[in-house]
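**Q**
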Amino acid sequence: MAPIGRAALIVTLGLVLYATLVGGYAALRGRRRLAESARNALLASFATTGVASAVLVIGFLRHDFSLVYVAEHSSRELPLAYVLAGFWSGQAGSLLLWMLVLTGMSSAAVLLNRRLLVQALPWTVPVLAAVACFFALVPVFVSSPFATRPAPPNGAGMNVSLQNPYMLAHPPLLYLGYVGLTIPFAFAMAALLSRRTDERWLVATRRWTLASWTFLGIAILLGAKWAYESIGWGGYYAWDPVENAALMPWLAATAFLHSVMVQEKKAMLRVWNVILVTLAFCLALFGTFLTRSGVINSIHSFARSSIGAWFLAFIAIVVGASIVLILLRLPYLRSQSRLESLASREAAFLYNNLLLVALALTILWGVVFPLVSEAVRGTAVTVGPPYYNFFLRAFGLPLLLLMGIGPLIAWRRASLRSLARSLAGPAIAAGVVGALLLAAGAGSSPPALIAYTFSVFVLVAIGLEFVRGTRARRSLGAESWIGAFASLIARNRRRYGGYIVHAAVVLLAIGVAGSSAYGSTASARLQPGQTMAVGSYTLGYLGSTFRQGRNHDELRAQLAVSRDGTPMGVVAAGKNRYHVEAFFSSAVAIRTDWLRAEDLFVIGEDFNRDGSVDLKVLVNPLVGLIWVAGVVFLLGSVITLWPDAREQRRLARRMREVEVLAHA
Amino acid sequence: MATLALTVVFAAAAGLFVVQPILRPRSRLDGRIQSVDDEDKHLAVIERRDRALAALTELEFDHRTGNVSDVDYRELIAPLRREAAEALKALERAESAERAMDAKRAGRPRARLAAARHCR
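Going line by line, the protein sequences match chains A and B. Residue numbering for the first sequence follows the numbering used here, starting at 1 and increasing by one per position. Residue numbering for the second sequence follows the numbering used here, starting at 1001 and increasing by one per position.
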């Protein structure tokens, strides 16, 4: 099977090279047949990458340990789902997955936008193919998933941290997000190369950015859930470089999704939008580089390899070429209008953009600082959570407030009187809740209290938007309240879907603020029969149990839980020992109270010879809202992403008008 | 050796698909990708008109929801209407310019024919 995979990858490299060179020549010289040939090469590269990927999947399913990659990332004892996840658990496989997603998305983008971007598409193909060239070069020449050796009787198994259900979905979604950002980048570069900087590339780009941003957002949350349940320290986000690597492009894409509206409505921020698309793509490449190169120490870096230099060179080429192209095309990107007032919707978007980009760049600086300090001073100085937390508060809290203010300000300009009238309701509600929380003792953490107050402000503002919008729609026709509400969302999915996403961010903010500021922790060594208390919970140690699983042994401390004297059942926390990997991992117990959105989090740290167990118990208030936020985020994103027939009709009508005019 | 043979097979199969647009019989659409400067010019005018009309619709809705006060509405609506009217005028100018060009193009062969008759 290995020769099939190797041959498919070599042909893939040839195809994307052809698509780059011939496609570039065709676009430059305006040769239609050659451009179509290059497009076909890009489509064919998806088929050949699919063949290579299928070979690797079959290798895993058949436990073909003659393939070094399969032997190093699976074993006969591994459950089937994890055997399949072995595909992306190492470097060579994950780069093949990158390539599969890239060629697949590129093919879809080229086919779906063939009518919208007639003139820019011949340039889109070579840009996409050039990116694919890099990802095809690596598995062919540097890190092949099809290297072979005499087959050992069993494989080495899989990194036990990856043996978690969330890890089945997290990496593919992350890659869909990372790779998806290639498409907006390619559209932007193609628009610049073809000098077609009208609204069409924005329409095509917005949808792909939104999809990639959704995948990335869900992947970040699934990664947080995995860290929460699998790593076993009681937290969900530790500002680890690889976690940050996914957050940075997400922040840049968030900025773009807001500023793109300003360009659509006011023909402003045209250079800024191209820069944001490029920044998001470069940060996605940087994220892949961090995860795959192992250059920075991280619990998420599953590989240490020599591809780091290749990645850095590629990122440098992308950054350099993009800057040169943007500078060359500046005359085509002139804004057609100016900011009329600092109190306007577009100004709010601008502030939001500045804060988002500042946060992304601050995180980037924190991530690269160990590398910089090592290069300059010879010792790597790591930047810890206090640095990130400080800037999260400095930029994140104003961002939260802006989410409430932005929707209530008019485009162009708003008078102070009108602004005060719009903001009065949310501000009064936020003030009242803030005062009540202060009276209830929430002032122990001022940032959390501010976050809650701002959250109430935003939620009330969003609620008012829905209520007023529904009322306005109802006044326009004789619809029922439900009909008016449905038509409000259906007629402006981006606006109201966006508000739902804002509500998700508010839930996230409440969850993060609550769990990090008001949690409680206790540690104790318990003999069977002894109890410990944390917050309003009491845990009684009943004894330990042992169970042999298919590929691991489970040692658990059984603990009876009660809250304020009311029994709440038994939880089991402990350790797993994996047979093939010869590795211990923590198996925490989490008891969620969905009414309070609160978790009781139990870590069985050590089982001692005298029968006692060392326990660490945390009460994480409101942490459940973080996961609820994920569901709300997905709902809002789907509404926003849902195809808008009215917009399609508007664009089609516009293109018909252009044709009629040009060929009259 | 097996890899080489398989590479040739895959390359041949993919190659057939890739060269298909080059090998197909030439048609009217197969020439150079047209330079569409005229289209771009018109598109810019149409985009301007659409933007102005969309801004008017949005302002009406924001006024109806109460996000824009009556005073602000009166201040904002006038320039927006002016902008929309200017965009529509620009579009009309573009249309009449196109019609004039079209008439000129259509008139040229007739003029040449008349001149030839005169010479005879």
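Each residue gets a CB set at the ideal place from its N, CA and C atoms; glycine is no exception.
Please go through the same chain and pick out, in chain order, the residues whose beta-carbon is closer than 6 Å to the beta-carbon of glycine 434 of chain A, but skip the five residues on each side of it.
**A** Answer for glycine 434 of chain A: Thr453, listed in chain order.
**Q** Note down, in chain order, every chain A residue with its Cβ under 7 Å from the Cβ of threonine 1003 of chain B.
**A** Those within 7 Å of threonine 1003 of chain B in chain A are Pro3, Arg6, Ala7.
**Q** Alanine 1106 of chain B versus chain A: which residues are under 9 Å apart at the beta carbon?
**A** Within chain A, no residue comes near alanine 1106 of chain B; the closest Cβ sits about 11 Å away, beyond 9 Å.
**Q** Exposed or buried, what is tryptophan 642 of chain A when buried is set at 16 or more other beta-carbons lying within 10 Å of its beta-carbon?
**A** Exposed, by the Cβ-count rule.
**Q** Looking at the C-beta of glutamate 199 of chain A, does it have a partner C-beta in chain B at a distance below 8 Å?
**A** Closer than 8 Å to some Cβ of chain B, the Cβ of glutamate 199 of chain A qualifies, so yes.
**Q** Give the DSSP bridge partners of leucine 618 of chain A, in chain order.
**A** Its beta-bridge partners are A:Thr521, A:Phe601.
**Q** Excluding five sequence neighbours on each side, which residues of the same chain lie with their C-beta closer than 6 Å to the C-beta of methionine 189 of chain A?
**A** The answer, listed in chain order, is Val127.
**Q** What residues in its chain sit with their C-beta under 7 Å from that of valine 101 of chain A, if we drop five residues either side in the sequence?
**A** The answer, listed in chain order, is Tyr175, Leu176, Val179.
**Q** Between alanine 1006 of chain B and chain A, is any beta-carbon pair separated by less than 8 Å?
**A** First, the amino acid is wrong: residue 1006 of chain B is leucine here, not alanine. Yes, leucine 1006 of chain B counts as interfacial toward chain A.
**Q** Classify isoleucine 732 of chain A as buried or exposed, calling it buried when 16 or more other Cβ atoms lie within 10 Å of its own Cβ.
**A** Here chain A comprises residues numbered 1 to 664, so residue 732 of chain A is not present and cannot be evaluated.
**Q** Looking only at its own chain, which residues have a Cβ that is under 7 Å from the Cβ of phenylalanine 286 of chain A, when we skip the five neighbours before and after it?
**A** Answer for phenylalanine 286 of chain A: Ala245, Ile315, listed in chain order.
**Q** Take the Cβ of aspartate 64 of chain A as the centre, count every other Cβ of all protein chains shown within 10 Å, and call the residue buried at 16 or more, exposed below.
**A** The residue in question, aspartate 64 of chain A, is buried, as its Cβ has 16 or more Cβ neighbours within 10 Å.
**Q** Closest Cβ-Cβ distance between leucine 449 of chain A and chain B: below 8 Å?
**A** Cβ-Cβ to chain B under 8 Å: no for leucine 449 of chain A.
**Q** Which partner residues does histidine 261 of chain A have in the DSSP bridge list?
**A** For the sequence presented, residue 261 of chain A should be read as methionine rather than histidine. According to DSSP, methionine 261 of chain A bridges with nothing at all.
**Q** Starting from the beta carbon of alanine 1052 of chain B, find every residue of chain A whose beta carbon is closer than 8 Å, and list them in chain order.
**A** Neighbours of alanine 1052 of chain B on chain A: none; closest Cβ ~10 Å, over 8 Å.
**Q** Does leucine 595 of chain A pass the burial test, meaning 16 or more other C-beta atoms within 10 Å, or should it be called exposed?
**A** With fewer than 16 Cβ atoms within 10 Å of its Cβ, leucine 595 of chain A is classed as exposed.
**Q** Throw me the rounded Cβ distance for the methionine 1 of chain A and serine 89 of chain A pair, which I believe falls under 8 Å.
**A** The Cβ separation is near 19 Å, so there is no contact.
**Q** In the segment 37-59 of chain A, which residues sit with their C-beta less than 9 Å from some C-beta in chain B, listed in chain order?
**A** Those residues of the segment 37-59 of chain A that come within reach of chain B (Cβ to Cβ, closer than 9 Å) are Ser37, Ala38, Arg39, Asn40, Ala41, Leu43, Ala44, Ser45, Ala47, Thr48, Val51.
**Q** Please list the residues of the segment 473-487 of chain A that have a C-beta atom closer than 8 Å to any C-beta atom in chain B, keeping them in chain order.
**A** Of all residues in the segment 473-487 of chain A, Ser475, Leu476 have a Cβ within less than 8 Å of some Cβ in chain B.
**Q** Give me the Cβ distance between valine 501 of chain A and serine 637 of chain A, rounded to the nearest whole Å; I'm assuming they're in contact under 8 Å.
**A** Sure, about 6 Å apart at Cβ, within 8 Å.
**Q** With 8 Å set as the bound, which would you pick, yes or no: does the beta-carbon of leucine 1088 of chain B sit closer than that to a beta-carbon of chain A?
**A** Judged by the 8 Å Cβ criterion, leucine 1088 of chain B is not in contact with chain A.
**Q** Say whether chain A places a C-beta atom closer than 8 Å to the C-beta of leucine 1056 of chain B.
**A** Cβ-Cβ to chain A under 8 Å: no for leucine 1056 of chain B.
**Q** Are threonine 531 of chain A and leucine 539 of chain A close, meaning C-beta to C-beta below 8 Å?
**A** Result yes, Cβ atoms of threonine 531 of chain A and leucine 539 of chain A sit closer than 8 Å.
**Q** Since I believe glutamate 340 of chain A is in contact with arginine 413 of chain A (beta carbons under 8 Å), could you give me their beta-carbon distance rounded to a whole number of angstroms?
**A** Indeed, because the Cβ distance is near 5 Å, the residues count as touching under 8 Å.
**Q** Do the segment 465-474 of chain A and the segment 377-387 of chain A make contact, defined as three or more Cβ pairs closer than 8 Å?
**A** With the cut-off at 8 Å, the segment 465-474 of chain A and the segment 377-387 of chain A do not touch.
**Q** By the three-class DSSP mapping on this structure, what secondary structure does isoleucine 299 of chain A have?
**A** Confidence at isoleucine 299 of chain A is low in this model, with a pLDDT of 48, below 50, so the placement of that residue is unreliable and no value is reported for it.
**Q** Of the residues that make up the segment 236-255 of chain A, which ones have a beta carbon closer than 8 Å to any beta carbon in chain B?
**A** Within the segment 236-255 of chain A, no residue has a Cβ that lies closer than 8 Å to any Cβ of chain B.
**Q** What separation, rounded to the nearest whole angstrom, lies between the Cα atoms of asparagine 40 of chain A and valine 1018 of chain B?
**A** One C-alpha to the other measures close to 5 Å.
**Q** Using a Cβ-Cβ cutoff of 7 Å, what residues of the segment 1009-1024 of chain B are near chain A? List them in chain order.
**A** Residues passing the 7 Å Cβ filter: Phe1010, Ala1011, Ala1014, Phe1017, Val1018, Val1019, Gln1020, Pro1021, Ile1022.
**Q** Can you tell me which of A:His73, A:Ala652, A:Val617, A:Trp411 puts its alpha carbon nearest to the alpha carbon of methionine 268 of chain A?
**A** Cα-wise, what sits closest to methionine 268 of chain A is A:Trp411.
**Q** With 8 Å set as the bound, which would you pick, yes or no: does the beta-carbon of asparagine 10 of chain A sit closer than that to a beta-carbon of chain B?
**A** Reading the sequence as shown, one finds isoleucine at residue 10 of chain A and not asparagine. True, the Cβ-Cβ gap to chain B drops below 8 Å.
**Q** Is there a C-beta anywhere in chain B that falls below 8 Å from the one on alanine 652 of chain A?
**A** It does not: the Cβ of alanine 652 of chain A has no partner Cβ on chain B nearer than 8 Å.
**Q** Could you work out which residues of chain B lie near leucine 15 of chain A, taking near to mean beta carbons separated by less than 8 Å?
**A** The answer, in chain order, is Ala1014, Val1018.
**Q** Are the C-beta of valine 127 of chain A and some C-beta of chain B separated by less than 8 Å?
**A** Cβ-Cβ to chain B under 8 Å: no for valine 127 of chain A.
**Q** Just checking: is the beta-carbon of serine 418 of chain A within a distance shorter than 8 Å of some beta-carbon in chain B?
**A** So yes, serine 418 of chain A belongs to the interface.
**Q** Answer with yes or no whether the minimum CB distance from arginine 1093 of chain B to chain A is below 8 Å.
**A** Taking Cβ atoms only, chain A never reaches closer than 8 Å to arginine 1093 of chain B, which makes this a no.
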